[in-house]
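Asks:
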Ligand code: UT7
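Numbering (our numbering), first residue to last: 9 to 343.
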């Protein structure tokens, strides 16, 4: 079977930087509460004229540049915040990147969207439908957040990350390991936007057009699912936890990340994080974290990396790879 190999990486966040103090101007919250409960100090947010496709195009452009070759056979865009309900955002992104008329489609798995999209792209490559796939995870997440809901407004943020994947062999650096994915729709109400879909077309009560999260329950499921999925991915790859050089988990909340690392037995210095400066960017957080860490040298060729994510659906996933040598990766904060 053909393996799927990472050969390019890029990340991008919108320039508008919002501090905890900025949020405290219109919300009953504090820098101390936000830092101690979530680990977040700053985050980047889109301005009114920026949509998900704008973030996706810039991250995609950077990933293609890092890959050194602009051609791909398919574009998969993981997002919770498409530019509009119909059509998908990916065809526009492909066209603006100049890689059309390749197949391009959106994938909805909320904070696990990047891992689901990796798996989907690996399937396209394994079936020889594509030799090279651009996977982008992009979120203008703050556009679905109620600015008055202090339980979510302090956590979620905007950004995009992208990888270029190519057909290769399982022994190569950058080859994706076995993929563990799961979902539990019984708990779909833990994270939801109640209105705006075919079930409930318009809000029946104020605020139902916004994202809602039952924080405590979500927290518990996030720890359990990311820990279990990571253990399964390691077992399937034949790796021990001692062999993991870098844990790259969805940047949900610093306390969740610490607990997952502790339960897995991965020491703090092997955990990659950037939640303090970029917040929780939904599905974009894992590729943004990889781009951030590759740019500043925390992630280096040869590192054995464990990826995991969890979010609405519920949906979760995990996989492994040995980090490859890539073309230059820029700091996602670079304008
Ligand atoms: O990315 C997708 C997956 N998402 C996650 O994994 C997020 C999971 N959940 C969490 O990260 C945490 O549950 C939160 C950060 C959302 C909340 O932290 P918590 O420690 O679970 O707080 P809580 O919701 O139990 O609230 C504790 C108290 C409450 O006050 P009372 O009832 O004890 O008086 C809240 O009203 O903190 C209050 N509170 C706040 N206070 C100041 C909630 N949000 C805030 C806030 N500022 N922003």
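Idealized CB from N, CA, C, for every residue including glycine. Please read these numbers as outputs of a predicted model, since none were measured by experiment.
CB residue 42 to CB residue 118, shorter than 8 Å?
Replies: No, the pair does not count as a contact, with Cβ atoms beyond the cut-off.
Asks: Give me whichever residues DSSP pairs with residue 221 in a beta bridge.
Replies: Looking at the DSSP assignment, residue 221 forms a beta bridge with 199.
Asks: Is residue 218 near the ligand UT7, with its Cβ less than 7 Å from a heavy atom?
Replies: Because no heavy atom of the ligand UT7 lies under 7 Å away, the Cβ of residue 218 does not count as near it: no.
Asks: To the nearest angstrom, how far is the alpha carbon of residue 97 from that of residue 85?
Replies: Going from the Cα of residue 97 to the Cα of residue 85 covers about 8 Å.
Asks: Following the continuous alpha helix (DSSP H) through residue 285, name the residue where it begins and the one where it ends.
Replies: Element bounds for residue 285: 283–286.
Asks: Determine the closest residue to residue 78 out of 53, 106, 66, 92, with distance taken between C-alpha atoms.
Replies: Closest option to residue 78, Cα to Cα, is 106.
Asks: Using 10 angstroms around the beta-carbon of residue 212, count the other beta-carbons present and answer buried if the total reaches 16, otherwise exposed.
Replies: By the neighbour-count rule (16 or more Cβ atoms within 10 Å), residue 212 is not buried but exposed.
Asks: Could you have a look at residue 24 and say whether DSSP puts it in helix, strand or coil?
Replies: Residue state, collapsed to three classes: coil.
Asks: Output the distance between the C-alpha atoms of residue 274 and residue 333, rounded to the nearest integer angstrom.
Replies: Going by the C-alpha atoms only, they are around 24 Å apart.
Asks: Do you know whose CA, among 236, 340, 201, lies nearest residue 321's CA?
Replies: The shortest C-alpha separation from residue 321 is found at 201.
Asks: In chain order, what residues of the same chain have a beta carbon less than 6 Å from the beta carbon of residue 221, not counting five sequence neighbours either side?
Replies: Closer than 6 Å at Cβ, skipping near neighbours: 160, 199.
Asks: Alpha carbon to alpha carbon, how far is residue 152 from residue 165?
Replies: Answer to the nearest angstrom: the Cα atoms are 10 Å apart.
Asks: Could you tell me whether the stretch 39–57 touches the stretch 13–22, where touching means 3 or more Cβ pairs closer than 8 Å?
Replies: Yes, they touch.
Asks: Assuming residue 122 is part of the alpha helix (DSSP H), what are its boundary residues?
Replies: Per DSSP, residue 122 belongs to the alpha helix (DSSP H) from 121–134.
Asks: Going by Cα to Cα distance, which pick from 300, 290, 267, 276 is closest to residue 282?
Replies: The residue with the shortest Cα to Cα distance from residue 282 is 300.
Asks: What are the partner residues of residue 330, as DSSP defines its beta bridges?
Replies: According to DSSP, residue 330 bridges with 312.
Asks: Using CA coordinates, which residue listed in 292, 329, 34 is at the minimum distance from residue 177?
Replies: Comparing Cα-Cα distances from residue 177 to each of 292, 329, 34, the minimum goes to 329.
Asks: Secondary structure at residue 51, three-state DSSP: helix, strand or coil?
Replies: Strand at residue 51.
Asks: Is there at least one non-hydrogen atom of the ligand UT7 closer than 7 Å to the beta-carbon of residue 230?
Replies: Residue 230: yes, Cβ under 7 Å from the ligand UT7.
Asks: Measure from the C-beta of residue 144 to each C-beta in chain D and report whether the shortest distance is under 8 Å.
Replies: Judged by its chain identifiers, the structure shown contains no chain D, having just a single protein chain.
Asks: What is the DSSP secondary structure of residue 174, counted as helix, strand or coil?
Replies: Of the three classes helix, strand and coil, the one that applies to residue 174 here is strand, per DSSP.
Asks: Just to confirm my understanding: we take residue 110, look at its own chain, exclude 5 residues before and 5 after, and list those with CB closer than 7 Å. What are they?
Replies: So the list reads 80, 81, 82, 83, 102, once near-sequence residues are dropped.
Asks: Can you give me the Cβ contacts of residue 34 inside the same chain, cut-off strictly under 6 Å, excluding the 5 residues immediately before and after it?
Replies: If we look at residue 34 and ignore the five residues flanking it on each side, it has no Cβ neighbours.
Asks: Could you name each continuous alpha helix (DSSP H) segment of 4 residues or more that falls completely within the stretch 230–275, going from the start of the chain to the end?
Replies: With a minimum length of 4 residues, the continuous alpha helix (DSSP H) runs that stay inside the stretch 230–275 are 262–272.
Asks: Return helix, strand or coil for residue 167, following the three-state DSSP convention.
Replies: Residue 167 falls in the strand class under three-state DSSP.
Asks: What is the C-beta distance between residue 60 and residue 183, in whole angstroms, given that I count them as a contact (C-beta under 8 Å)?
Replies: Contact doesn't hold; Cβ gap of about 29 Å is too wide.
Asks: So what does residue 325 bridge to, in DSSP terms?
Replies: According to DSSP, residue 325 bridges with 189, 317.
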